[in-house]
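What follows is one structure encoded as structure tokens, with my remarks underneath.
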Ligand code: MSP
């Protein structure tokens, strides 16, 4: 099979170090990438860091480092943590990469030459936290709703503008009409409606350069300005393809993002692409947010959960499982370490871990030789859930098998069986465990592989506990 699939995560700002929010998008993108690889598809999966702009420059200043030193340092915390979670990206893009900078310049130059960029004076309220202009109506106590600790600043500059408004009618048609040559999907449906409503309410042109931000890519025809950080960032998806000579993977099949950056990914990006004569992505999926113990996660509240926290407590696959099963696909989801511990103990230590431990111990005790692996394929219902971003439903489907098997062991008192009956029962539990592990490969690859190996036969023996129980700290 040579179906090509290009999957992306947002590139994360380096003013912050990795937290559970970044982790959830990246883990799920990895699950999707692995899932499609299992189906025999050719996948190109990228993540990276967004390193220019006022916010990053400010963070560098606060640490007393040059922007480049600072971004080198923080970008590494992202590129190094993902492999520890078994996130198998094919490329990690940094916007300070000289090749990316060149591609941004070329692309903008092309749009400029096509006549879609002009100079104008702009006055507005800018939120450095969002790196965007916001309207008067959005301001609460002098701040934007997402960044209550950062006052918005009045900006008044001559900037270069992109004729975003010109593309609005085309974008509306492209989103609404599945047969439109430029059709792209925005999902879930509620997010598509949001975008359409906003497009229909009227859209202004977009300021795409800044005179007062020096930490950025110079505008190719006007070195007194730098490219607006969001335009620079969006183009990363295209640069990653060009840098790796993966043109045959263009356009992207899926931009997986959080809900707060939907407008950039579902409107601005597509307009820029049309203006540059490039093909549009097939789908933008915007998930909702995690809250932590009922509150917005924030440094000032001190409730930020880091991927290191999760790894130390739950291990690689424990973390991947907890993220996938709580993934905020359609609604915000509340998470917390206490909840995670309970879920870990119930589903992983008691559920899967126990099943594997009990059956392997009985296999060893029986002294029988067993038949090896059957051929498996992903169950259609399970596939449907994954493809609809319903990761928890896919896992619940597998856990129904696990819980059912554990129940059945007790019901038939498997440990009391003897002879052929015992052998046949064990063999059927072995197949069931193999099938469970087969399905879990995209989610918890290391554990799934361990189980498949352990239950290969002919002799089956217990191994170390897969998920040691976490005892509650009193
Ligand atoms: N640099 C931009 C993205 C540019 S993409 C061309 C950016 N970076 S970010 O560091 O702020 O990361 C935002 C993304 O992190 C969200 O879109 C989402 O994927 C993830 N999350 C951040 N906080 C989150 C939660 N609390 N919950 C779930 N995901 C969250 O925006």
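In our numbering, the protein residues as written are 27 to 500. Where a beta carbon is used, it is the ideal one built from N, C-alpha and C, also for glycine. Just so it is clear, the structure is predicted and the values come from calculations on it, not from any experiment.
Quiz item: Since residue 300 and residue 222 are thought to touch, with beta carbons under 8 Å apart, how far apart are those beta carbons, to the nearest angstrom?
Solution: Between residue 222 and residue 300 the Cβ distance is about 17 Å, and since that is not below 8 Å, they are no contact.
Self-check item: Heavy atom of ligand 1 within 7 Å of residue 260 beta-carbon
Solution: The nearest non-hydrogen atom of ligand 1 is less than 7 Å from the C-beta of residue 260.
Self-check item: Integer Cβ distance of residue 470 from residue 396, believed to fall under 8 Å
Solution: With a Cβ gap of about 23 Å, residue 470 and residue 396 do not count as contacting.
Quiz item: Does the beta-carbon of residue 407 have 16 or more other beta-carbons within 10 angstroms, so that it is buried, or is it exposed?
Solution: Result: exposed.
Practice problem: With a 10 Å radius around its C-beta and 16 neighbouring C-beta atoms as the bar for buried, classify residue 433 as buried or exposed. | Solution: Exposed is the label assigned to residue 433, since fewer than 16 other Cβ atoms lie within 10 Å of its Cβ.
Practice problem: Excluding the 5 residues preceding and the 5 following residue 178 in the sequence, name in chain order all residues of the same chain whose CB lies nearer than 8 Å to its CB. | Solution: Apart from sequence neighbours up to five positions away, the residues of its chain that approach residue 178 with a beta-carbon distance below 8 Å are 151, 152, 153, 160, 165, 168, 169, 170, ordered along the chain.
Practice problem: Flag residue 366 as yes when its Cβ comes closer than 7 Å to any non-hydrogen atom of ligand 1, and as no otherwise. | Solution: It does not: the Cβ of residue 366 is nowhere closer than 7 Å to a heavy atom of ligand 1.
Exercise. May I ask whether a heavy atom of ligand 2 can be found less than 7 Å away from the beta carbon of residue 170?
Key: Summarising the ligand content, the structure contains ligand 1 and does not contain ligand 2.
Exercise. Please name the residue in 201, 214, 215, 237 whose C-alpha comes closest to that of residue 226.
Key: Among 201, 214, 215, 237, the Cα nearest to that of residue 226 belongs to 201.
Quiz prompt | Between the CA atoms of residue 186 and residue 192 - distance to the nearest angstrom | solution = Rounded to the nearest whole angstrom, the CA to CA distance from residue 192 to residue 186 is 15 Å.
Quiz item: First and last residue of the alpha helix (DSSP H) that includes residue 264?
Solution: Here the alpha helix (DSSP H) through residue 264 covers 262 to 269.
Quiz item: Can you tell which of 264, 369, 466, 237 has its C-alpha closest to the C-alpha of residue 252?
Solution: Cα-wise, what sits closest to residue 252 is 237.
Quiz item: residue 245 and residue 194: beta carbons closer than 8 Å?
Solution: Their beta carbons are not under 8 Å apart, which means residue 245 does not touch residue 194 by this criterion.
Practice problem: Tell me the start and end of each unbroken beta strand (DSSP E) in the segment 131 to 191 that is at least 3 residues and wholly inside, in chain order. | Solution: Counting whole runs of 3 or more residues, the segment 131 to 191 contains the beta strand (DSSP E) stretches 143 to 153, 158 to 160, 179 to 188.
Quiz item: The alpha helix (DSSP H) with residue 339 in it runs from where to where?
Solution: Boundaries of the alpha helix (DSSP H) harbouring residue 339: 333 to 352, taken from the DSSP string.
Exercise. Tell me whether residue 228 counts as near ligand 1, meaning its Cβ is closer than 7 Å to at least one heavy atom of that ligand.
Key: No, ligand 1 has no heavy atom inside 7 Å of this Cβ.
Practice problem: Have a look at residue 249 and residue 180 and give me their C-alpha separation to the nearest angstrom. | Solution: When only Cα atoms are considered, residue 249 and residue 180 end up about 23 Å apart.
Quiz item: Okay, do the segment 44 to 58 and the segment 330 to 344 touch, 3+ Cβ pairs below 8 Å being the bar?
Solution: Here the segment 44 to 58 makes contact with the segment 330 to 344; the two share three or more CB pairs at distances below 8 Å.
Quiz prompt | Given residue 450 as reference, the closest of 428, 388, 358 once Cα atoms are compared | solution = Considering only alpha carbons, the answer is 388.
Exercise. Quick one: residues in its chain with C-beta nearer than 6 Å to the C-beta of residue 39, no 5 flanking neighbours on either side, listed in chain order?
Key: Short of 6 Å from the beta carbon of residue 39, and not among the five residues preceding or following it, lie these beta carbons of its own chain, in chain order: 76.
Quiz item: Do the CB positions of residue 392 and residue 369 come within less than 8 Å of each other?
Solution: Not in contact: residue 392 and residue 369 (Cβ atoms no closer than 8 Å).
Practice problem: Measure the beta-carbon distance from residue 268 to residue 157 and round it to whole angstroms, keeping in mind my assumption that it falls under 8 Å. | Solution: Their Cβ separation, rounded to whole angstroms, is 24 Å, which puts residue 268 and residue 157 out of contact at 8 Å.
Quiz prompt | Cβ-based burial, residue 172 [other Cβ within 10 Å; buried from 16] | solution = Counting the other CB atoms within 10 Å of its CB gives residue 172 a total below 16, which places it among the exposed residues.
Quiz item: Quick one: what's residue 309 bridged to in DSSP?
Solution: For residue 309, the beta-bridge partners assigned by DSSP are 211.
Practice problem: For the segment 47 to 63 and the segment 84 to 100, state whether three or more C-beta atom pairs, one from each stretch, are separated by less than 8 Å. | Solution: Because the criterion of three Cβ pairs below 8 Å is not met, the segment 47 to 63 and the segment 84 to 100 do not touch.
Quiz item: Sorted by chain position, which residues of the same chain lie with C-beta nearer than 7 Å to residue 485's C-beta, five sequence neighbours on each side aside?
Solution: Only 395 meet the Cβ criterion.
Quiz item: Can you tell me whether residue 403 is buried or exposed, with buried defined as 16 or more other CB within 10 angstroms of its CB?
Solution: Here residue 403 is exposed. Its C-beta has fewer than 16 other C-beta atoms within 10 Å.
Quiz item: Would you say the beta carbon of residue 51 comes nearer than 7 Å to a heavy atom of ligand 1?
Solution: At least one heavy atom of ligand 1 is nearer than 7 Å to the Cβ of residue 51, so yes.
Quiz item: Which word fits residue 29, buried or exposed, when buried means at least 16 other C-beta atoms lie within 10 angstroms of its C-beta?
Solution: Per the 10 Å Cβ criterion, exposed.
Exercise. Can you check DSSP and say which residues form a bridge with residue 246?
Key: Residue 246 is not bridged to any residue.
Quiz prompt | Proximal residues to residue 233 (C-beta, below 6 Å), its chain only, five neighbours per side dropped | solution = For residue 233, where only same-chain residues beyond five positions count, the Cβ hits under 6 Å are 148, 185, 187.
Quiz prompt | Complete alpha helix (DSSP H) runs within the segment 54 to 91 (minimum length 4 residues, chain order) | solution = Segments of the alpha helix (DSSP H) lying fully in the segment 54 to 91: 80 to 89.
Quiz item: Between the C-alpha atoms of residue 427 and residue 462, what's the straight-line distance to the nearest angstrom?
Solution: Their Cα atoms are separated by approximately 7 Å.
Practice problem: Taking only heavy atoms of ligand 1 into account, decide whether any of them is closer than 7 Å to the Cβ of residue 489. | Solution: Result no, Cβ not under 7 Å from ligand 1.
Practice problem: Please report the residue range of the alpha helix (DSSP H) in which residue 120 lies. | Solution: No alpha helix (DSSP H) contains residue 120, which is instead part of the beta strand (DSSP E) from 117 to 120.
Quiz item: Among 292, 308, 265, which has the Cα closest to the Cα of residue 278?
Solution: By alpha-carbon distance to residue 278, the top candidate from 292, 308, 265 is 308.
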